[in-house]
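Residue numbers (my numbering): 479 to 872.
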């Protein structure tokens, strides 16, 4: 592929995202007020609870089989590595910039958690439709692109809500405790634990085992209360589970999937509902980015550091990891699959980080500024990295 052809193929999907995002920002202006804050919240609920689960379940059910699951085993590992490497780089950024305590969770989350769902659902299938795409037949490419992107969205949601959610919660709690003159109030669980007899005071081994068992039960109960299981099993995750079940269980697949399936109307209806997810999500992203123009309180060095981590360092690590996995035979030489694995390292921060900061009431304005800069620069960064990634896998 020539340079101009490669540039055109890589830039068109990003340009589509940019146009829809700009339209969303325009509709969210106070003078227009079609996509105001209240409207965005209501529409976002429909996207979260209806459109996205339908999109994920229908795409996975149509393309996922036991054989394909085995071939895609590296994707969860790849996403986990994006979180680990991003977190390590974020810790270095925190050490260098020394931000306020309550912003540390936001900074680490922004570096670790990328937009592994919405953007991939737009960019990857759109690349398949471009003339000169290195991924073969557009229809077959689009089918598998939607499956890869849907799986990425579901896995990203699990990692985001299990890791970033608790990360922001931890630093917001630490920040609140530090405001109480360094004296943290005792919790009921701590008082209960102190009243338990120590192991040295027990008379026999049976008593020791009982005390240890009670202590373990208390700690397990405390952990389960702290971890938001409802957030982890979000509608998108449930949709992915349903899609996996339908796709891998042959009798269910024969009943629901295919032109001769007796209950194919259910699959067709889910696909029809899911088609509304991508444009609606992108419009909401554009509306949410307007808040960044009014935000303040985050230093330029922090924003610059997050941008460098997400658009320079992480993609470089991604090339090394994916190329290494290909060299050692851990992944198949499928250009589309390799492209998806690579692009997971080059996306901007996840938009749901803003939702998490709203839940805890910390870093909301700072998050808006970070998202504005990150998504503003994404049009350039994603185009350049997409060009390089397509050249590498072609």
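All C-beta atoms, glycine included, are put in the ideal place defined by N, C-alpha and C.
Between residue 844 and residue 528, the alpha-carbon positions lie close to 30 Å from each other.
Between residue 824 and residue 853, the CB-CB gap reaches or exceeds 8 Å. With a cut-off of 8 Å on Cβ pairs, the stretch 713–731 is in contact with the stretch 628–636, counting three or more such pairs. Separation of residue 849 and residue 870 (C-alpha to C-alpha, rounded to the nearest whole angstrom) is 29 Å. Of all C-beta pairs linking the stretch 588–603 to the stretch 557–574, three or more are shorter than 8 Å, placing the two stretches in contact.
The C-beta distance from residue 487 to residue 610 rounds to 5 Å, short enough to meet the 8 Å contact threshold. Listed in chain order, the non-local C-beta contacts of residue 626 below 6 Å within the same chain comprise 818, local neighbours out to five positions each way being set aside.
The C-alpha of residue 816 is placed about 14 Å away from the C-alpha of residue 605.
In this structure, the alpha-carbon of residue 821 lies about 20 Å from that of residue 783. Using a C-beta cut-off of 8 Å, the stretch 611–623 makes no contact with the stretch 507–516, since fewer than three inter-stretch Cβ pairs fall below that distance.
As the crow flies, the alpha-carbon of residue 760 is around 44 Å from that of residue 696.
Sequence-distant Cβ neighbours of residue 645 in its own chain, meaning closer than 7 Å and more than five residues away, are 583, 586 and 587. Counting C-beta atoms within 10 angstroms of its own C-beta, residue 743 has fewer than 16 neighbours from the protein chains shown and is therefore classed as exposed. Distance from the CA atom of residue 740 to the CA atom of residue 724, rounded to whole angstroms, is 14 Å. Cβ neighbours of residue 649 within its own chain (closer than 7 Å, five residues either side excluded): 579, 580, 582 and 583.
Distance from the Cα of residue 736 is smallest, within the candidate group 525, 541 and 862, for 541. Residue 601 is positioned such that its CB atom lies closer than 8 Å to that of residue 491.
With a contact defined as Cβ atoms closer than 8 Å, residue 596 and residue 829 qualify at about 7 Å.
Contact check for residue 770 and residue 503: beta-carbon distance about 10 Å, past the 8 Å limit, so the pair fails to qualify. Within the stretch 756–805, the complete alpha helix (DSSP H) runs of at least 4 residues fall at 778–786 and 792–805.
Apart from the 5 residues on each side of it in sequence, residue 758 sits with its Cβ closer than 7 Å to the Cβ of 521, 525 and 529 in its chain, given in chain order. Counting along the chain, residue 622 sits inside the alpha helix (DSSP H) bounded by residues 616–637.
Distance check between residue 519 and each of 722, 547, 766 and 494 places 766 closest, using alpha-carbon atoms only. Pairing residue 804 with residue 560 gives a Cβ-Cβ distance that is not under 8 Å. Sixteen is the threshold: when 16 or more other Cβ atoms of the shown chains lie within 10 Å of the Cβ of residue 827, as they do, the residue is buried.
Contact between residue 612 and residue 868 is confirmed by a C-beta separation of about 6 Å, below the 8 Å threshold. A distance below 7 Å between beta-carbons, with the five flanking residues on each side excluded, links residue 865 to the following residues of its chain, in chain order: 484, 485 and 488. When the beta-carbon positions are compared, residue 533 and residue 755 come within less than 8 Å of each other. Rounded to whole angstroms, the gap between the alpha carbons of residue 734 and residue 752 is 16 Å. Residue 610: not part of any alpha helix (DSSP H); DSSP gives it neither H nor E. Of the candidates 841, 642, 603 and 539, 539 places its Cα closest to the Cα of residue 729. Residue 562: member of the alpha helix (DSSP H) spanning 552–575, first to last residue.
Taking residue 808 as reference, the option from 640, 785, 573 and 554 with the minimal CA-CA separation is 554. Listed as beta-bridge partners of residue 592 by DSSP are 827. Within the same chain, 835 and 836 come within 7 Å of residue 842 by CB-CB distance, once the 5 residues on both sides are set aside.
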